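Residue numbers (the working numbering), protein chains in the order written: chain Y, 1083 to 1395; chain D, 3 to 265.
Using N, Cα and C, we set each Cβ at its ideal position, and we do this for glycine too.
Please read these numbers as outputs of a predicted model, since none were measured by experiment.
Worksheet: the structure to be examined is printed underneath.
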């Protein structure tokens, strides 16, 4: 794991003439200088005898998009709610934008944006009214136009919130989360219950925010979502960190053998092999033409993920 | 924006969005008017024992007091419970808006609903039952009684919302509470006709004093003789209602929660 602030984590960028984290780009440097936005050490949250978060370290650098991935009840939401200042931790240390969220004041709140799970408020307001209303609390908010453009709700500005579809409603929640130009945005399971089209649209919104260099912490139980959106995936299970890795590293943790599947009179056959082309050539000769039900699959990210969770269960 | 400007915008936002909720408009704003027409149509024009005051006129102060309970205590207990469930309070807590803006918005909504309610009620009482309007000093009494009554019952409503887990339980708790106080505080029955123990119990709570002060506004001065103490005791009413505002501030301040109870 890259650990910003550790001298070993820094490399000299000849073109920029500075020390910085690996993969530093000039435009990122200007905005962020690799500043640590979130740093938690040994974070603990207990409810009576049960522990929801059991010793959790997390570092997030400016401009990063980090996905907290884990099954339901893993402690993802509890963790982000502590980072947002919504819950009080039982132990450990937490710094978010240089402050302890538990004692944060208005100026700190103006620098973060939060999209919580399942908000159903504002039913009788219009989309535009809701955005204008919450914009007023921030020192330098985006305009209604810019905000709605970003989340793709410009045409719905005059529409009642109650009449929005599920996907549109969540995009309104994002609009209210970003209207204050936050440096750090929390998205808590933003696409749960979406149809595939709505998820794609939503991912587009998150990618637009990433291009604006907003630091994003996303919780999700969808692996493809973490894979598409995040620079880094932190896997949580039973309140502990199981993995902290880049998506391609996660994929490389499973054996690279491909699986060749085909069918004959006896049923479906499966062959795990490191040389699928040779296997198919052999089968092609055997069947004298088309191989019935031929399929070649590579281990997916999902399998890597399930394997990791399987290890700790 | 200043806190004052934010608070004003919040009040406007609360009123505008509440007015779009037709059920809220019909039930909370027209209810006292509805009761007046109902009671009044049955025996409104009867005179109370040679006093030249009709039963409809006698009902008006009690209905104003009821309207105050609906627009402050009941409305806020139920809406704050709902807003704790639907994410309004969480959104507010996480935003850089000062927390006080939420409370001012709620109080502003109560004041607005109350004014609409009693304006309709008084207009109907005058048009349908020829009830006389308060005199000059009466308007002043009506103002301070309303301010103290709204402040205490709105804050008690917010405090109560923390105890209720769901909107259904909030209305299940507040409706009988409101009814109990209406019956024991002389809103629907003549207070002095009630058993002694009930009078003593009701005298601890604000509604009895609220209704008593409102009778001084809407009934002729000689009706003071019918009160338990033989007068309307306006100074006492002000003291007790003021004390209840303080109790309500402490209770709401100590119990109000921005988050639903941990699951």
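Flag this pair as yes or no: are the beta carbons of residue i and residue j separated by less than 9 Å?
i: residue 1371 of chain Y; j: residue 1268 of chain Y; result: no
i: residue 2 of chain D; j: residue 63 of chain D; result: Lying before the first or after the last residue shown, residue 2 of chain D is absent from chain D, which here runs from 3 to 265.
i: residue 1340 of chain Y; j: residue 1329 of chain Y; result: no
i: residue 1154 of chain Y; j: residue 1320 of chain Y; result: no
i: residue 1218 of chain Y; j: residue 11 of chain D; result: yes
i: residue 1243 of chain Y; j: residue 1274 of chain Y; result: no
i: residue 136 of chain D; j: residue 44 of chain D; result: no
i: residue 253 of chain D; j: residue 109 of chain D; result: no
i: residue 1165 of chain Y; j: residue 1299 of chain Y; result: yes
Of the residues the options, which one's Cα is nearest the Cα of residue i?
i: residue 60 of chain D; options: D:238, D:225, D:255 and D:261; result: D:225
i: residue 1170 of chain Y; options: Y:1307, Y:1219, Y:1120 and Y:1186; result: Y:1186
i: residue 1239 of chain Y; options: Y:1323, Y:1210, Y:1223 and Y:1342; result: Y:1210
i: residue 1342 of chain Y; options: Y:1167, Y:1126, Y:1320 and Y:1380; result: Y:1380
i: residue 1276 of chain Y; options: Y:1289, Y:1253 and Y:1292; result: Y:1253
i: residue 194 of chain D; options: D:213, D:179, D:176 and D:177; result: D:213
i: residue 1227 of chain Y; options: Y:1261, Y:1248 and Y:1249; result: Y:1261
i: residue 68 of chain D; options: D:185, D:242 and D:192; result: D:185
i: residue 1229 of chain Y; options: Y:1290, Y:1301, Y:1172 and Y:1271; result: Y:1290
i: residue 81 of chain D; options: Y:1182, Y:1205, Y:1138 and Y:1124; result: Y:1205
i: residue 149 of chain D; options: D:90, D:51, D:259 and D:112; result: D:112
i: residue 249 of chain D; options: D:138, D:235, D:42 and D:154; result: D:154
i: residue 1188 of chain Y; options: Y:1264, Y:1160 and Y:1118; result: Y:1264
i: residue 1271 of chain Y; options: Y:1376, Y:1124, Y:1327 and Y:1163; result: Y:1163
i: residue 88 of chain D; options: Y:1165, Y:1202, Y:1146 and Y:1311; result: Y:1202
i: residue 117 of chain D; options: D:162, D:161, D:41 and D:71; result: D:71
How far does the alpha helix (DSSP H) with residue i in it reach, from first residue to last?
i: residue 1256 of chain Y; result: 1248-1260
i: residue 1158 of chain Y; result: 1158-1165
i: residue 9 of chain D; result: 5-21
i: residue 69 of chain D; result: 57-70
i: residue 1231 of chain Y; result: 1226-1233
i: residue 1296 of chain Y; result: Run containing residue 1296 of chain Y: none; DSSP gives neither H nor E here.
i: residue 1244 of chain Y; result: Looking at the DSSP string, residue 1244 of chain Y is not in any alpha helix (DSSP H), and its letter there is neither H nor E.
i: residue 1353 of chain Y; result: From DSSP, residue 1353 of chain Y is part of no alpha helix (DSSP H) but of the beta strand (DSSP E) over 1349-1355.
i: residue 220 of chain D; result: 208-220
i: residue 84 of chain D; result: 77-88
Helix, strand or coil for residue i per DSSP?
i: residue 24 of chain D; result: helix
i: residue 1114 of chain Y; result: Low confidence applies here, because residue 1114 of chain Y scores a pLDDT of 46, under 50, leaving its location unreliable; read the following figure in that light. If DSSP states are grouped into helix, strand and coil, residue 1114 of chain Y belongs with the helices.
i: residue 155 of chain D; result: helix
i: residue 1207 of chain Y; result: coil
i: residue 48 of chain D; result: coil
i: residue 1194 of chain Y; result: strand
i: residue 1273 of chain Y; result: coil
i: residue 1315 of chain Y; result: strand
i: residue 1130 of chain Y; result: coil
i: residue 1302 of chain Y; result: strand
i: residue 1169 of chain Y; result: coil
i: residue 1381 of chain Y; result: coil
i: residue 1125 of chain Y; result: strand
i: residue 165 of chain D; result: helix
i: residue 143 of chain D; result: helix
i: residue 128 of chain D; result: helix
i: residue 1267 of chain Y; result: strand
i: residue 1180 of chain Y; result: coil
i: residue 135 of chain D; result: coil
i: residue 195 of chain D; result: helix
i: residue 1135 of chain Y; result: strand
i: residue 231 of chain D; result: coil
For the beta strand (DSSP E) that residue i lies in, which residues bound it at each end?
i: residue 1293 of chain Y; result: Here residue 1293 of chain Y belongs to no beta strand (DSSP E); instead the alpha helix (DSSP H) covers 1278-1293.
i: residue 1344 of chain Y; result: 1340-1346
i: residue 1324 of chain Y; result: 1322-1327
i: residue 1150 of chain Y; result: 1147-1151
i: residue 247 of chain D; result: Segment 236-257 is the alpha helix (DSSP H) holding residue 247 of chain D; no beta strand (DSSP E) there.
Use the C-beta contact count for residue i: other C-beta atoms within 10 angstroms, 16 or more gives buried, fewer gives exposed.
i: residue 115 of chain D; result: buried
i: residue 265 of chain D; result: Here residue 265 of chain D scores only 43 on pLDDT, less than 50, and its place in the model is too uncertain to base an answer on.
i: residue 132 of chain D; result: exposed
i: residue 246 of chain D; result: buried
i: residue 237 of chain D; result: exposed
i: residue 6 of chain D; result: exposed
i: residue 206 of chain D; result: exposed
i: residue 1317 of chain Y; result: buried
i: residue 1198 of chain Y; result: buried
i: residue 1112 of chain Y; result: The predicted position of residue 1112 of chain Y is uncertain, since its pLDDT is 49 and thus under 50; no value can be drawn from it.
i: residue 183 of chain D; result: buried
i: residue 1175 of chain Y; result: exposed
i: residue 28 of chain D; result: exposed
Please tell me whether, using a cut-off of 8 Å, the distance from the CB of residue i to the nearest non-hydrogen atom of the ligand ATP is below it.
i: residue 69 of chain D; result: Only the bare structure without any ligand can be found here, which leaves the ligand ATP out of the picture.
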